[in-house]
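What follows is a short report on a single structure.
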Amino acid sequence: MTEKAFEPDDPMALVGVIVDAGDPAADEMARCLVEEYLRVGWDEEGLLRLFRTPFYRALYAIYRDRGEEAVRGLIAEVAATWGVWRVTGGGPRGGGEGDA
Amino acid sequence: MPEVYNWHLGRKMAYRFAERHPRWQFAAVFNINRCIGCQTCTMACKSTWTHARGQEYMWWNNVETKPYGGYPQFWDVKTLELLEQADPGGQRWNPRTRDGRDAPYGVYEGKTLFEAAPAGEEALGYLPTDEEWRAPNIYEDTPTAYPTAPGRYHRTGEQLPEHRTWFFHLQRLCNHCTYPACLAACPRQAIYKRPEDGIVLIDQRRCRGYRKCVEACPYKKPMFNAYTRVSEKCIACYPRIEGRDPLHPGAPIEARCMAACVGKIRLQGLVRIDADGRWAEDRQHPLYFLVHVARVALPLYPQFGTQPNVYYIPPRWVPRPYLRQMFGPGVDRAIAAYTAPSRELLAVLQLFRTTQRMIFRYRIEPGRKVFETTLNGKKWAMYNDTVIGLDQRGREVVRLTVEEPVFARPRQHLNSI
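Going down the list, the sequences are from chains A and B. To convert, count from 1 in the first sequence and add 1; that's our numbering. Every letter in the second sequence is one number past the one before it in our numbering, and letter 48, counting from 1, is 41.
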């Protein structure tokens, strides 16, 4: 069916359903993805690189639509909920001290 | 027809063969929330197993972008539609009947693909067309097609309209089901489930290429090889599972698609199976914990009735009705548990993709509290616990903390060894 027009009366074709879409859904997706990568230890620069890369469509679409300032704001907002960064340059945060 | 117990459905169901279960079962948990769709798993599988003549269209592992994508195209929508036609309005659950390991998601009240099978067939299914197999990621980036011809490119193809809503990447391979539809449908009994690890294989000598497995499997993972004229499917990298990989002789290691995941979304292992087919209670097994204790990982389309053995942590941002249809009624609980993870869950999530060696047990050494916040109106604290993964013989294979430091390679040495 790659080059054929969609036929609404074709019983085997995709059954359309209405789903929540638009800005709120995309914002929620971006917020969740930022949270995921913060939780595995990514830093702000690493996250911004993901946002800026067109191949990572979910984040790039947000970056393109909202702009870099809005993305930085989103990352800061999520970081405030989940704590501080775990990546600092080439070494562990705080020089590896304080871990139990 | 014999009756077998399907704990995903919380009830008995009709199946071609009587119950007989393996001692261990190949199983995996995929965290959809972390997948960026890089297709490294897909290429790891392709370059290992399906690069021969007749296998050109085969992607034993594929990653499709939902809700638009599918390989073969529309595989799940078509099967859901067939089930709806056979049992109108039947895809319903009764979640009030949840009961521990026997019925963790409640009881499914509709028909399975086996129970909805037409006369003379073992399972309800269909054969995808050649066109549906042709392009594994068709329409995922753009919602419309454009006419092409050999050697011609669309002049403004890069300007095609995009889907502008939520989406997520769904990682798919053979589920090595407990009650495989492919196995039930094979008229030659060429498909078998190994007693040692539950891996489902096609005997290439017995298969005569009738494609009943391709038709019956709802996940569409058996594929017909037009060159050898027999069907093939994911073999779960069984030499690695058997410990025959020279990297770790004697130690079972993860399949190629699992070991290659750069997003650290996959955790694969072997779980012990009781004689009655339930997962043996194994509290410190990471997969048992994720599926039966934390209950954050759910089967894909459990209503089909095959009791698949790949489990998914559902994506949090997707509308719930869509997720409930895809992963059953356990979705709300799974997302709640994952969004504000318990201390133990946070530690176990660290084990994903940290070693190729299979982890059979874990233990946690408590660490100090490092952070406090409020999640969904409730206090939540993070502890820097240490999680230790152990192999089949109880030897330590990996150790890491919840606040595991991440070392960023300097830009000038990105590809240095």
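Each residue gets a CB set at the ideal place from its N, CA and C atoms; glycine is no exception. Since this is a predicted model, take the numbers as computed values, not measurements.
On a CA-only basis, which of the options is nearest residue i? Give me that one, please.
| i | options | result |
| --- | --- | --- |
| Val207(B) | Gly103(B), Glu115(B) and Cys28(B) | Glu115(B) |
| Ala219(B) | Arg204(B), Arg313(B), Cys227(B) and Ile228(B) | Arg204(B) |
| Thr137(B) | Gln405(B), Thr221(B), Met375(B) and His156(B) | His156(B) |
| Arg16(B) | Pro403(B), Val284(B) and Asp267(B) | Asp267(B) |
| Ala27(A) | Arg58(A), Ile63(A), Leu48(A) and Val35(A) | Ile63(A) |
| Met6(B) | Tyr119(B), Tyr(-2)(B) and Glu12(B) | Tyr(-2)(B) |
| Phe297(B) | Gly83(B), Thr33(B) and Ala37(B) | Gly83(B) |
| Pro154(B) | Asn168(B), Tyr132(B), His169(B) and Ala142(B) | Tyr132(B) |
| Phe345(B) | Pro65(B), Asp69(B), Pro143(B) and Leu260(B) | Leu260(B) |
| Met51(B) | Lys371(B), Arg222(B), Phe217(B) and Ala287(B) | Phe217(B) |
| Val72(A) | Ala31(A), Pro25(A), Gly23(A) and Asp24(A) | Ala31(A) |
| Leu176(B) | Tyr8(B), Val286(B) and Glu396(B) | Tyr8(B) |
| Arg181(B) | Gly202(B), Ala174(B), Pro188(B) and His169(B) | Gly202(B) |
| Gly236(B) | Asp190(B), Cys210(B), Asp275(B) and Gln197(B) | Asp190(B) |
| Lys213(B) | Val284(B), Tyr231(B), Thr41(B) and Cys170(B) | Cys170(B) |
| Tyr185(B) | Val193(B), Cys179(B) and Ala178(B) | Val193(B) |
| Thr411(B) | Pro334(B), Pro65(B) and Pro211(B) | Given a span of -6 to 410 for chain B in the structure shown, any question on residue 411(B) remains unanswerable. |
| Thr33(B) | Arg165(B), Leu2(B) and Asn302(B) | Arg165(B) |
| Asn302(B) | Asp69(B), Gly63(B), Cys167(B) and Thr105(B) | Cys167(B) |
| Gln379(B) | Thr135(B), Gln385(B), Pro403(B) and Arg361(B) | A quick correction: the sequence has Thr, not Gln, at residue 379(B). The residue with the shortest Cα to Cα distance from Thr379(B) is Arg361(B). |
| Glu389(B) | Arg356(B), Val324(B), Leu76(B) and Tyr305(B) | Arg356(B) |
| Cys31(B) | Glu36(A), Val79(A), Tyr57(A) and Gly47(A) | Tyr57(A) |
| Ala252(B) | Tyr61(B), Val264(B), Arg265(B) and Ile234(B) | Ile234(B) |
| Gly3(B) | Thr90(B), Ile29(B) and Arg404(B) | Thr90(B) |
| Trp310(B) | Glu70(A), Ala59(A), Ile76(A) and Arg65(A) | Ala59(A) |
So is residue i buried or exposed if we call it buried at 16+ other beta carbons inside 10 Å?
| i | result |
| --- | --- |
| Asn26(B) | buried |
| Pro307(B) | buried |
| Thr394(B) | buried |
| Lys39(B) | buried |
| Val350(B) | A small correction: the amino acid at residue 350(B) is Arg; Val does not occupy that position in the sequence shown. Buried: at least 16 other Cβ atoms inside 10 Å. |
| Phe161(B) | buried |
| Asp269(B) | exposed |
| Glu57(B) | buried |
| Gly23(A) | exposed |
| Phe320(B) | buried |
| Val255(B) | exposed |
| Arg50(A) | exposed |
| Ala374(B) | exposed |
| Ser409(B) | exposed |
| Val16(A) | Because Val16(A) sits at a pLDDT of 48, beneath the cut-off of 50, its placement in the model cannot be relied upon, and the following sentence gives the value as read from the coordinates. Label assigned to Val16(A): exposed. |
Nearest chain A C-beta to residue i closer than 8 Å, yes or no?
| i | result |
| --- | --- |
| Asn369(B) | no |
| Lys213(B) | no |
| Thr33(B) | no |
| Arg404(B) | no |
| Asp134(B) | yes |
| Thr366(B) | yes |
| Glu225(B) | no |
| Met375(B) | yes |
Could you tell me whether any Cβ in chain B is nearer than 8 Å to the Cβ of residue i?
| i | result |
| --- | --- |
| Tyr57(A) | yes |
| Arg94(A) | For Arg94(A), the predicted structure reports a pLDDT of 38, less than 50, and the residue's modelled location is therefore unreliable. A value from the coordinates is still provided. Yes, Arg94(A) counts as interfacial toward chain B. |
| Gly23(A) | yes |
| Gly84(A) | yes |
| Val16(A) | Because Val16(A) carries a pLDDT of 48, less than 50, the predicted location of this residue cannot be relied on, and no value is offered for it. |
In chain B, what lies closer than 7 Å to residue i by C-beta?
| i | result |
| --- | --- |
| Glu37(A) | Asn26 and Arg27 |
| Glu29(A) | Trp310 |
List the residues of chain A that residue i touches, going by C-beta distances under 7 Å, in chain order.
| i | result |
| --- | --- |
| Lys257(B) | Val41 |
| Glu389(B) | Correct list: empty, because the minimum Cβ distance to chain A is about 18 Å. |
| Glu397(B) | Gly42 |
For residue i, go through chain B and note every residue whose CB falls closer than 9 Å to its CB, in chain order.
| i | result |
| --- | --- |
| Ala26(A) | Thr158, Trp159, Trp310, Val311 and Pro312 |
What residues from chain A crowd round residue i, counting only those whose CB sits closer than 9 Å?
| i | result |
| --- | --- |
| Val289(B) | None at all; the shortest Cβ gap to chain A is about 14 Å. |
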